[in-house]
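Enquirer: Just dropping this structure here.
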């Protein structure tokens with residue numbers, strides 16, 4: 065093999081699915097044996113083992129490498145086998161057919177570019193034949209070939225084959241799936257896997273399985289689509305004398321070049337690509353779909369991991385907190401309303417909850433149930449999901465890869481789905497919460513004006529914001545002291561410190577922080593309405609956090625003091641202080657501004 | 002993108018995902034070609050740097066050249082090198098070469114146990130001080146909650162069922178029957194306290210892919226992998242007493258690539274020189290369940 069052919073050689077992941085006992089493992093065993101892909105001696109070893117255990121040899125045993133699996137005789141997990149033809153190297157994922165192991169089947173299928181779906185000629189189309197067909201199409205596998213197996217048990221009957229072909233084609237049509245082919249085979253006898261079945265099935269003149277596998281097409285053209293790069297991280301290895309600030313991630317679709325204007329969503333920040341970075345490789349000027357890459361920008365902007373990087377000159381993704389999805393659930397506990405889950409999309413993860421179940425689909429019958437309030441294990445459901453903060457995504461039928469979400473329940477990936485539609489925020493869980501709160505709000509006989517006159521100030525939430533160690537807590541406490549000594553009604557609420565020191569694990573902290581901000585919003589609404597100046601600190605917030613606090617404390621506006629670099633895009637800062645400011649000046653600046661803005665009346 | 006580019010990008014993506022999600026993350030470096038490729042991929046992922054500690058379990062029976070090579074590269078690439086060992090078993094001669102244990106028992110004691118307690122921080126960790134050039138006791142006793150391991154699906158049966166992100170419980174147990182789903186570049190990065198996650202960036206690579214990549218990237222390997230004039234070389238590296246050479250006259254990476262691609266090793270399993278595999282009827286599963294890498 066020449067060096068050129070290594071570079072050209074293709075690699076493809078395929079998955080084999082179907083109802084339990086329809087013969088998937090046998091098909092793979094045959095494919096491996098017939099393509100000479102087994103390690104030397106493996107076939108003999110398995111045959112010897114079968115002889116020792118007085119069991120007839122089956123090709124399926126080749127795959128059942130694990131002891132417990134041999135004991136049960138069924139595939140429980142996706143095993144991966146390697147086989148090669150002249151044309152390509154393949155990884156074939158053997159997905160279990162049993163419903164209990166759906167999450168394993170999904171793992172195998174989601175990796176694949178093409179699927180072989182096996183149906184037993186004798187048993188015909190079964191529940192999981194249909195379910196798997198549905199799942200494979202939902203997971204985004206574009207090419208599906210149906211193998212009608214065990215033809216030897218139905219005397220290689222053309223009529224049997226045609227009946228299954230007709231029935232299953234009808235089913236697939238409802239999903240909008242068009243199979244590449246239906247192939248009659250007997251994996252056990254090795255008929256129509258690698259060799260043509262002239263003797264057994266003279267009526268068949270289509271492809272063998274091997275010809276079909278090599279005939280699957282490699283997906284191409286991802287580089288020509290709209291550019292998307294979910295930002296995994298922002299690296300700066302200053303400790304190793306490296307001053308580059310690199311935005312790192314894998315390009316899901318499209319291409320980006322040096323000089324391209326780019327936007328990061330949901331923050332909306334913009335810049336221009338200055339360089340495409342790499343290590344131990346020639347200088348690059350572009351990065352295309354599939355590349356794990358990194359870029360530097362011409363300007364210093366503050367962006368967070370999880371944002372979606374897009375090009376200014378191309379169609380923009382959706383940014384929303386509410387969307388309609390088609391999803392399936394693998395978790396043992398059902399997905400229920402009112403519970404906080406974690407949703408992952410691209411490189412982002414946010415808290416999310418189930419807002420509405422529109423309908424639950426029985427994947428094997430394609431009939432729907434519309435009055436369910438939860439999504440049970442193995443359900444496929446159309447529902448509305450709401451996240452605590454906006455996320456950037458594409459719709460499934462526009463850009464599939466950035467339109468996929470998974471849902472984590474109690475540390476486990478329990479659900480997965482595709483986004484069908486972005487919805488607006490009205491009627492969101494938070495808006496409803498505020499509406500209910502305000503509706504129930506009963507006023508006393510004392511007016512806000514009377515309170516202001518007595519206290520010498522209007523009620524206000526004062527937020528000291530900045531990164532860890534910027535001096536905001538010290539400033540907050542001194543501010544409380546100063547305002548109190550001036551005779552104002554004020555209170556320093558210090559519990560947010562807890563969230564900085566709580567845990568170094570960013571994810572746990574994020575979730576705790578979301579809850580904290582929500583509680584702070586409710587608390588501030590009460591205390592500011594009582595006429596007080598509530599002082600608190602917040603670390604590493606973004607525009608959305610402040611917008612939300614503002615919405616929750618309305619009608620009283622919030623007053624923001626920022627220490628150090630201003631990370632906000634649009635949200636107006638009332639006072640900008642340096643990192644670790646000199647205290648007397650800092651307090652004076654804050655107090656003066658509060659006077660100028662009419663917060664302090666005396 | 003060709004196949005090597007695809008494999009490289011996916012591995013880098015997984016490494017970056019692990020680095021972002023786990024605050025106590027380390028990478029196992031066995032000094033062999035697989036984990037050395039993984040180390041190279043980490044330097045690619047982090048643009049020339051390796052911000053993770055590299056953990057090596059030294060059984061004291063490793064071929065001496067491996068240790069020299071390890072420390073040379075650690076200095077050259079400024080690696081955060083951490084070494085663990087079952088000092089008690091070695092001191093008390095409770096090993097296979099000392100005649101006290103079977104091969105499998107020895108693997109369990111010197112590798113699995115040593116690794117388990119080094120990762121948990123219960124046993125002393127030695128860390129390379131780049132200023133003095135010497136190893137000293139590491140002050141960090143925090144358990145590693147994310148461990149990057151260079152296993153590949155094609156090595157043997159049990160490894161073909163691994164996930165890219167694979168949870169292990171407090172006892173290091175791997176529940177092979179109930180693994181998390183993994184789809185669309187979304188991995189299990191959430192874990193309950195007391196558990197940890199193994200991360201497998203090389204899962205999709207074959208032995209041939211690795212050698213082609215070593216060739217393309219010019220990655221420096223310990224020269225035990227090559228014939229140094231005696232007509233033999235190591236195909237897989239382990240402890241001296243349990244790893245044998247194969248007959249081969251491959252003197253450099255190009256020769257090895259040719260040998261594996263189409264020559265005499267094209268259809269012979271890589272680990273055939275590892276004696277412990279044969280002592281366990283079901284492959285390495287017993288050891289794997291116990292935390293063997």
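Chains as they are written, first to last, in our numbering: chain A, 65 to 666; chain B, 2 to 294.
Each residue gets a CB set at the ideal place from its N, CA and C atoms; glycine is no exception.
It should be emphasised that the depicted structure is a prediction, and the values quoted were computed from it without experimental measurement.
(1) Going by beta carbon distance, what residues of the same chain come within less than 8 Å of residue 378(A), once the five residues before and after it are set aside?
(2) If contact means a Cβ-Cβ distance below 9 Å, which residues of the stretch 184-199 of chain B contact chain A?
(3) Buried or exposed: where does residue 643(A) fall if 16 or more other Cβ atoms within 10 Å of its Cβ makes it buried?
(4) Between residue 275(A) and the ligand NAP, is there a pair consisting of the residue's CB and a ligand heavy atom that are separated by less than 7 Å?
(5) Which residues in the same chain as residue 28(B) place their Cβ atom closer than 6 Å to its Cβ, once the five residues preceding and following it in sequence are excluded?
(6) Answer with yes or no whether the minimum CB distance from residue 449(A) to chain B is below 8 Å.
(7) DSSP on residue 74(A), reduced to helix/strand/coil?
(8) In the DSSP assignment, what residue or residues form a beta bridge with residue 298(A)?
(9) Do residue 449(A) and residue 484(A) have their beta-carbon atoms positioned less than 8 Å apart in this structure?
(10) For residue 354(A), return the contacting residues in chain B, with the cut-off set at a CB-CB distance below 8 Å.
(11) Give a yes or no on whether 8 Å exceeds the smallest Cβ distance from residue 168(A) to chain B.
(12) Look up residue 357(A) in the DSSP assignment and say whether it is helix, strand or coil.
(13) Using DSSP bridges, identify the partner residues of residue 530(A).
(14) Is residue 92(A) helix, strand or coil when you go by DSSP?
(15) For the stretch 198-222 of chain B, enumerate the residues whose C-beta is nearer than 7 Å to any C-beta of chain A, in chain order.
(16) Using CA atoms only, rank isn't needed, just tell me which of 117(A), 348(A) and 85(A) is closest to residue 159(A).
(17) I'd like to know if residue 14(B) contacts chain A, where contact means its C-beta is closer than 8 Å to some C-beta of that chain.
(18) Write down every uninterrupted run of the beta strand (DSSP E) in the stretch 218-264 of chain A whose length is 3 residues or greater and which is fully enclosed by it, in chain order.
(19) List the residues of chain B whose Cβ lies closer than 7 Å to the Cβ of residue 358(A), in chain order.
(20) Let me know the secondary structure DSSP gives residue 512(A) once reduced to three states.
(21) Check distances from the C-beta atoms of the stretch 180-205 of chain A to those of chain B and list, in chain order, the residues that come in under 9 Å.
(22) To the nearest angstrom, report how far apart residue 17(A) and residue 543(A) are at their CA atoms.
(23) To which residues does DSSP link residue 673(A) through a beta bridge?
(24) Given that a residue counts as buried once 16 or more other Cβ atoms are within 10 Å of its Cβ, and exposed if not, what is residue 168(A)?
(25) Would you list, in chain order, the members of the stretch 293-312 of chain A that have their beta-carbon closer than 8 Å to a beta-carbon of chain B?
(26) If contact means a Cβ-Cβ distance below 9 Å, which residues of the stretch 462-486 of chain A contact chain D?
(27) Look up residue 169(B) in the DSSP assignment and give the residues it is bridged to.
(28) Kindly say whether residue 328(A), judged by its beta-carbon, lies nearer than 8 Å to any beta-carbon of chain B.
(29) Beta-carbon separation of residue 232(A) and residue 193(A) under 8 Å?
(30) Pick out whichever of 537(A), 145(A) and 630(A) has its Cα sitting closest to the Cα of residue 163(B).
(31) Can you have a look at residue 1(B) and say buried or exposed, based on whether 16 or more other CB atoms are within 10 angstroms of its CB?
(32) Report the neighbours of residue 74(A) on chain B: residues whose CB is nearer than 9 Å to its CB, in chain order.
(33) So is residue 182(A) buried or exposed if we call it buried at 16+ other beta carbons inside 10 Å?
(34) Run through the DSSP bridge pairs and tell me what residue 481(A) is partnered with.
(35) Can you pull the chain A residues whose beta carbon is under 9 Å from the beta carbon of residue 44(B), in chain order?
(36) Please classify residue 135(A) as buried or exposed, where buried requires at least 16 neighbouring CB atoms within 10 angstroms.
Expert: On the basis of the coordinates in this document:
(1) 290, 291 and 318
(2) 184, 185, 186, 187, 188, 189, 190, 191, 192, 193 and 196
(3) exposed
(4) Absent from the structure shown: the ligand NAP. Ligands present: none.
(5) 53, 55 and 149
(6) no
(7) strand
(8) 311(A)
(9) no
(10) 2, 6, 7 and 10
(11) yes
(12) strand
(13) 603(A)
(14) helix
(15) 205, 207, 213 and 218
(16) 85(A)
(17) yes
(18) 245-248
(19) 48
(20) helix
(21) 203 and 204
(22) Absent from the model: residue 17(A). The displayed extent of chain A is 65 to 666, so no value can be given.
(23) Residue coverage of chain A in this structure runs from 65 to 666, which leaves residue 673(A) outside it and unanswerable.
(24) buried
(25) 296, 297, 299, 301, 304, 306, 308, 310 and 312
(26) The displayed structure is made up of protein chains A and B, and chain D is not among them.
(27) 197(B)
(28) no
(29) yes
(30) 145(A)
(31) Outside the shown range of chain B (2 to 294) lies residue 1(B), about which nothing can therefore be said.
(32) 3 and 4
(33) buried
(34) 391(A) and 469(A)
(35) 343 and 344
(36) The predicted model places residue 135(A) with a pLDDT of 37, which falls under 50 and marks its position as unreliable, so this point remains unresolved.
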